[in-house]
Amino acid sequence: MPLSELPELDVEIGELRAAVTRELSDGGSRHLLRLTDEEIAVLDPDSLKECVAPTPRLAGLSEQERDWSYRIALRSLVSREAVDVANIEELDALIRRTEGTPEADRPSGVDLDLRMTTDVSLALTLRRTPERALVAEQHTSGGTTHTVVYGHTPGLYLVERVTGGGLHLFSLAASAADAAEAVRLAVDPFEIADKDGPVRHLTPQQIAAQDVGTRLSGVIDTALVVGQVVRLADVPGPLLTTYATDREVWTVYVERPDAPSGIQARAVGPGTLGAMLRALLALPEPEAGE
């Protein structure tokens with residue numbers, strides 16, 4: 001069943017999850033769509049405060065600049081047929097009449113009759129309703145990007161990659177392994193991870209004093225890519241920090257914040273790195289009958 005034939009997106013979330021999970025079990029993971037910060041602000045303004053994914057493009061805009069960018073974003077959405085505005089002629093006439101008028105003086109006589117495509121509605125719905133979310137930050141000399149994974153069922157994950165310029169790339173992953181691969185490529189984009197090394201156990205006091213050993217200190221100082229991966233939950237959970245140099249990748253795994261033990265540092269190969277990410281992402285299998 002193609003995604004265009006999924007049930008209406010105002011159905012109960014469990015039904016929607018089941019339908020998309022069945023679709024992915026047949027066809028596997030797939031790209032969904034791309035949206036900009038401004039387009040998300042037009043489509044789902046409340047998500048700017050309620051969702052964990054950042055909107056870096058909007059942060060530096062003035063109120064006037066945001067207003068202009070939202071108008072352009074709406075025109076882009078309509079031209080790409082990502083949305084349909086049923087009263088587009090009425091809205092266009094109002095925009096032309098009020099061009100250059102201060103916002104406080106503009107009439108408010110037209111309500112936007114906006115209808116989204118299935119892919120747009122699906123992405124915005126799934127990013128608001130996960131069972132579990134994982135946020136990965138990638139820090140390089142070129143800036144910061146984010147990868148957010150929203151877990152719904154063991155066979156359904158929404159992956160949202162946010163560039164430093166405010167472009168949001170959405171895809172659907174059919175398993176924790178597929179979602180973990182997207183995160184692995186974010187924290188090890190040059191695929192430098194080589195082989196596993198011995199585990200070094202650290203304490204919070206050693207971390208605070210930066211007493212982590214000569215080799216790890218050297219890796220931290222020369223890292224080309226630093227990643228921070230955290231699982232969001234009501235109870236603070238694990239934190240994984242990665243350091244990728246031009247030769248190797250190290251991880252520092254913290255079982256939970258302020259724990260007196262459970263901090264492990266080691267060089268990792270791609271298999272171990274992927275396994276650690278899969279463990280952070282994995283959702284419990286549903287019980288029989290659910």
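Heads up: the sequence shown at position 210 corresponds to 210 in my numbering, and the numbers run straight through without jumps.
C-beta atoms are modelled at their ideal positions from N, C-alpha and C, and glycine is treated no differently.
If you're wondering where the values come from, they're calculated on a predicted model, not measured in any experiment.
Roughly how many angstroms separate the alpha carbons of A279 and D221, rounded to a whole number? C-alpha separation (whole angstroms): 28 Å.
Please return the same chain residues whose Cβ sits closer than 7 Å to the Cβ of P54, not counting the five positions on each side in sequence. H146 and V162
Of the residues A282, R34, V219 and T203, which one's Cα is nearest the Cα of A193? V219
Where do the N-terminal and C-terminal ends of the alpha helix (DSSP H) with V149 fall, by residue? That residue, V149, is in no alpha helix (DSSP H); its beta strand (DSSP E) goes G143 to T153.
With a floor of 3 residues, list each beta strand (DSSP E) that falls wholly inside the region 222-284, ordered by position along the chain. 225-232, 239-244, 249-254 and 263-267
With distances taken Cα to Cα, identify the nearest neighbour of L224 among G274, E50 and R247. Comparing alpha carbon positions, the residue from G274, E50 and R247 closest to L224 is R247.
Please report the distance separating the alpha-carbon of A209 from that of V199. 19 Å
Nearest residue (CA-CA) to R30, options A180, E255 and F170: F170
Among D119, V254, L24 and Q264, nearest to D178 - alpha-carbon criterion: L24
Cβ-based burial, G143 [other Cβ within 10 Å; buried from 16]: exposed
Enclosing beta strand (DSSP E) for V159 [first to last residue]: L156 to V162
L124 and S69 closer than 9 Å at C-beta: no
For L16, which option in L122, D113 and Q64 has the closest C-alpha, if you only look at C-alpha atoms? L122
Quick test of the definition: if touching needs 3 or more C-beta pairs under 8 Å, does the region 260-275 touch the region 180-192? yes
Residues in its own chain within less than 8 Å of R34 by CB, not counting five upstream and five downstream? L167, H168, L169 and F170
State the CB to CB distance for the pair V226 and H139, rounded to an integer number of angstroms; the pair is presumed to be in contact (CB under 8 Å). 4 Å
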